[in-house]
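Numbering follows numbering that gives the first Met the number 0, in which position 150 of the sequence shown is assigned residue number 149; successive positions increment by one, without gaps.
Glycine is no exception: its CB is placed at the ideal position from the N, C-alpha and C atoms.
Predicted model, so just to flag it, every value in this text is computed and none were measured.
Presented below is the structure to which this report refers.
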Amino acid sequence: MSGQVAFVDLELADLVVDAVYAGGTAGNLSDDPIGRLLPVGNAGGIRPKGPVTNPRLVALVTSGEDLDWPDHLDAQSGVLMYYGDNKTGGKDLHDTPRKGNLVLRNLFDAAHGSATQRAQVAPVLVFSKTGQGRDHRFLGLAVPGSTATTYADDLTGIWRSKDGLRYQNYKAVFTVLDVGTVSRAWIQDIVQGLSNSENAPAAWLCWRNGGAPKALQAPRIVEHRTRLEQEPTGVGGKAVVKGIYDHFSSRPNDFEHFAADLVKIHLPTVVSLDVTRRSRDGGRDAIGLLQVGTGGGDILLDFSMEAKCYKPGNSVGVRELSRLISRLRHRQFGVLVTTSHLDGQAYKELKEDRHPIIVIAGGDIANIVTASNLPGAAGWKAWLNKTYPPLS
Numbered sequence: 000m001s002g003q004v005a006f007v008d009l010e011l012a013d014l015v016v017d018a019v020y021a022g023g024t025a026g027n028l029s030d031d032p033i034g035r036l037l038p039v040g041n042a043g044g045i046r047p048k049g050p051v052t053n054p055r056l057v058a059l060v061t062s063g064e065d066l067d068w069p070d071h072l073d074a075q076s077g078v079l080m081y082y083g084d085n086k087t088g089g090k091d092l093h094d095t096p097r098k099g100n101l102v103l104r105n106l107f108d109a110a111h112g113s114a115t116q117r118a119q120v121a122p123v124l125v126f127s128k129t130g131q132g133r134d135h136r137f138l139g140l141a142v143p144g145s146t147a148t149t150y151a152d153d154l155t156g157i158w159r160s161k162d163g164l165r166y167q168n169y170k171a172v173f174t175v176l177d178v179g180t181v182s183r184a185w186i187q188d189i190v191q192g193l194s195n196s197e198n199a200p201a202a203w204l205c206w207r208n209g210g211a212p213k214a215l216q217a218p219r220i221v222e223h224r225t226r227l228e229q230e231p232t233g234v235g236g237k238a239v240v241k242g243i244y245d246h247f248s249s250r251p252n253d254f255e256h257f258a259a260d261l262v263k264i265h266l267p268t269v270v271s272l273d274v275t276r277r278s279r280d281g282g283r284d285a286i287g288l289l290q291v292g293t294g295g296g297d298i299l300l301d302f303s304m305e306a307k308c309y310k311p312g313n314s315v316g317v318r319e320l321s322r323l324i325s326r327l328r329h330r331q332f333g334v335l336v337t338t339s340h341l342d343g344q345a346y347k348e349l350k351e352d353r354h355p356i357i358v359i360a361g362g363d364i365a366n367i368v369t370a371s372n373l374p375g376a377a378g379w380k381a382w383l384n385k386t387y388p389p390l391s
C-alpha cells in the first residue's frame with residue numbers, strides 16, 4: 000500500500016510517485032489537496048501556474064470516470080493518454096472556461112519548437128482521484144509526447160457529439176519521466192522561474208536540453224493479478240463492463256463475436272479469428288492466427304479463444320480454465336475473455352504451470368473499449384446496440 004500524506008502536511012510535502020495526498024473535510028472546494036500542494040487552482044483538470052501562453056508549471060488531474068474521455072496511464076510503458084477540457088457542443092476547441100486546451104496546445108507547440116522554446120516548457124505534474132473523498136494520488140512528472148509518437152499524432156483533435164451538437168477535444172500523449180520524487184525544493188524553484196535549478200531531476204534536465212524522454216517503466220513483478228487488478232477502476236470503467244454484461248447476458252453467442260472483435264484490437268497482428276459453430280466448436284469459442292514478424296521472415300501462430308460473459312464479481316474458475324487449456328494443441332496459445340475476473344487459484348496455477356494463455360478480464364475490456372475510440376461520436380452504448388443489436 001502506498002504512503003499517505005495528511006492534509007495539514009501538504010504545503011511542505013515532496014511529491015512521491017503513487018503516494019496519496021489526503022483531501023480536507025470541510026465539505027467544499029478548499030478540501031482539494033492539489034491547490035495546497037501546488038500554487039494552482041483547486042478545480043479543473045488542467046491547472047496552470049502563470050499565464051496559459053507560458054505557465055511555470057501545470058497540474059493535470061484526472062478522475063478516471065469520464066466514459067467519453069478516458070484518461071489512462073500505462074504503468075509498464077510510462078505513457079499517459081490525457082484528454083482536454085472541451086466537452087460540450089457549440090464551442091471552439093480552445094474556448095473553454097479555464098483555457099485548458101489552450102495550455103495543452105502551447106505545451107506541445109513549445110515541446111516541438113526550437114531549443115529555446117523547449118527549455119521554456121513547464122513541468123507537468125499528474126494526479127488522479129483515488130475514489131476516497133478528495134484524496135489524490137501522484138502519478139508522476141510528465142513531458143509532452145513520447146518516443147512512439149510524432150508532433151503529428153501526440154496532440155490530436157477528436158470529434159464527438161452530445162445532445163445533437165458536435166464538438167472537438169484534444170487527445171494528448173505524455174511520457175511520465177523516470178523520476179520517483181519531485182522535491183519541495185524544486186517546486187519552489189519552479190515557482191521562481193528556475194525549472195533547471197540544481198534541485199531539478201536528471202531525467203527532466205535531459206529532456207529539457209533536447210534528449211529523448213526517459214520513461215518511468217514499471218513491469219509487473221507479481222505475474223498473476225489479483226481480483227482487484229482484473230476489475231475495472233472508477234465509476235466509468237465499472238459502468239462500461241456492467242453495460243456490456245447486461246447487453247450480452249442472455250446472448251452468449253453474440254458475446255463471443257464481441258470478444259473476437261476485442262481480441263483483434265488488443266492483438267493488432269491477428270490475421271484471422273473465426274467464431275466457431277456451437278455444434279463444432281470442440282470446446283473453443285473461436286480459433287485464429289496471429290502474425291509474428293514481417294515480410295518473408297514472419298510466422299503464423301495458431302490460437303484459441305474462450306469467452307465468458309459472467310456477471311461482474313462472479314469469477315471464472317479452475318474448471319472453465321482447464322477446458323481451454325485442454326483444447327490447446329502443441330505450439331498453440333489461448334485467449335480468455337471475460338466480463339468478470341479469473342479466480343485467484345486458477346490464475347496462480349495458470350502462471351505457475353506456464354500455460355500460454357492471455358487473460359482479458361473486465362478491467363482490460365473497459366480499457367480497450369474506451370481507449371480505442373471504438374464507440375466514436377455515438378457513445379459506447381449506441382455503438383453496442385448498432386454493432387451487436389439486441390434480440391427483437
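Where does the unbroken beta strand (DSSP E) through residue i begin, and where does it stop?
{"i": "ARG158", "result": "Going by the sequence as given, residue 158 is Trp instead of Arg. Element bounds for TRP158: 154-161."}
{"i": "ILE220", "result": "Where ILE220 is concerned, there is no enclosing beta strand (DSSP E), given that its DSSP letter is neither H nor E."}
{"i": "GLN344", "result": "Careful: GLN344 lies outside any beta strand (DSSP E), inside the alpha helix (DSSP H) at 343-351."}
{"i": "GLN167", "result": "164-175"}
{"i": "LEU140", "result": "135-143"}
{"i": "PHE126", "result": "123-128"}
{"i": "ALA192", "result": "Per the sequence shown, residue 192 should be read as Gly rather than Ala. Note, GLY192: premise wrong, no beta strand (DSSP E); not H, not E."}
{"i": "VAL78", "result": "78-82"}
Roughly how many angstroms lie between the CA atoms of residue i and residue j, to the nearest whole one?
{"i": "THR87", "j": "LYS161", "result": "7 Å"}
{"i": "GLY44", "j": "ASP273", "result": "42 Å"}
{"i": "VAL142", "j": "LEU320", "result": "42 Å"}
{"i": "ALA381", "j": "LEU261", "result": "17 Å"}
{"i": "ILE220", "j": "LEU164", "result": "46 Å"}
{"i": "THR275", "j": "ARG322", "result": "16 Å"}
{"i": "GLY132", "j": "THR149", "result": "38 Å"}
{"i": "ASN313", "j": "LEU79", "result": "31 Å"}
{"i": "LYS98", "j": "SER113", "result": "24 Å"}
{"i": "GLY362", "j": "ASN105", "result": "34 Å"}
{"i": "ALA365", "j": "TYR166", "result": "24 Å"}
{"i": "VAL125", "j": "THR155", "result": "20 Å"}
{"i": "GLY89", "j": "THR95", "result": "11 Å"}
{"i": "ILE243", "j": "GLU64", "result": "17 Å"}
{"i": "THR115", "j": "PRO218", "result": "35 Å"}
Which word fits residue i, buried or exposed, when buried means at least 16 other C-beta atoms lie within 10 angstroms of its C-beta?
{"i": "PRO249", "result": "Checking the displayed sequence, the identity of residue 249 turns out to be Ser instead of Pro. Burial call: exposed."}
{"i": "ILE298", "result": "exposed"}
{"i": "GLY281", "result": "Confidence at GLY281 is low in this model, with a pLDDT of 46, below 50, so the placement of that residue is unreliable and no value is reported for it."}
{"i": "HIS340", "result": "buried"}
{"i": "ILE264", "result": "exposed"}
{"i": "GLY303", "result": "The sequence given here has Ser at residue 303, not Gly. Buried: at least 16 other Cβ atoms inside 10 Å."}
{"i": "ARG279", "result": "For ARG279, the predicted model reports a pLDDT of 47, less than 50, meaning its position is unreliable; a value from the coordinates is still stated below. So ARG279 counts as exposed."}
{"i": "GLU255", "result": "buried"}
{"i": "HIS93", "result": "buried"}
{"i": "TRP185", "result": "buried"}
{"i": "SER325", "result": "exposed"}
{"i": "SER29", "result": "exposed"}
{"i": "GLN229", "result": "buried"}
{"i": "THR146", "result": "exposed"}
{"i": "ASN27", "result": "exposed"}
{"i": "GLU305", "result": "buried"}
{"i": "ASP152", "result": "exposed"}
{"i": "SER371", "result": "exposed"}
{"i": "ARG35", "result": "buried"}
{"i": "VAL7", "result": "exposed"}
{"i": "ASN100", "result": "buried"}
{"i": "PRO389", "result": "exposed"}
{"i": "MET0", "result": "With a pLDDT of 43 at MET0, under the threshold of 50, the predicted position of this residue should be treated as unreliable, and no value is reported."}
{"i": "THR338", "result": "buried"}
{"i": "HIS329", "result": "exposed"}
{"i": "PRO251", "result": "exposed"}
{"i": "LEU176", "result": "buried"}
{"i": "GLY233", "result": "buried"}
Near residue i, which residues of its chain fall below 7 Å by C-beta distance, leaving aside the five closest residues on each side in sequence?
{"i": "LYS241", "result": "PRO311"}
{"i": "VAL102", "result": "ILE45, PRO47, VAL51, PRO54 and VAL57"}
{"i": "GLN463", "result": "This structure does not reach residue 463, given that the chain is present from 0 up to 391, and the question cannot be answered."}
{"i": "ARG159", "result": "ASP67, TYR166, ASN168 and ALA376"}
{"i": "GLN216", "result": "GLN75, SER76 and GLY77"}
{"i": "GLY292", "result": "ILE298"}
{"i": "ILE367", "result": "LEU261, ILE264 and HIS265"}
Ordered along the chain, which non-local residues of its own chain (more than five positions away) have a Cβ less than 6 Å from that of residue i?
{"i": "THR180", "result": "ASP13 and VAL15"}
{"i": "VAL178", "result": "LEU140, PRO200 and ALA202"}
{"i": "PRO32", "result": "LEU9, TYR20, GLY22 and HIS135"}
{"i": "ASN384", "result": "none"}
{"i": "HIS223", "result": "TYR346, LYS347 and LYS350"}
Identify the continuous alpha helix (DSSP H) that holds residue i and give its terminal residues.
{"i": "LEU266", "result": "Run containing LEU266: none; DSSP gives neither H nor E here."}
{"i": "GLN331", "result": "First-last for GLN331: undefined, no H or E at that position."}
{"i": "SER244", "result": "The sequence given here has Tyr at residue 244, not Ser. Where TYR244 is concerned, the enclosing alpha helix (DSSP H) stretches over 233-247."}
Please return the same chain residues whose Cβ sits closer than 8 Å to the Cβ of residue i, not counting the five positions on each side in sequence.
{"i": "ASN195", "result": "ALA118, LEU204 and ARG207"}
Quiz item: So does the region 194-206 actually touch the region 327-347, counting three or more Cβ pairs closer than 8 Å?
Solution: Contact check between the region 194-206 and the region 327-347: fewer than three CB pairs, one atom from each, fall below 8 Å, which does not count as touching.
Quiz item: Would you call the region 32-40 and the region 209-226 touching, i.e. three or more CB-CB distances under 8 Å?
Solution: These segments do not touch.
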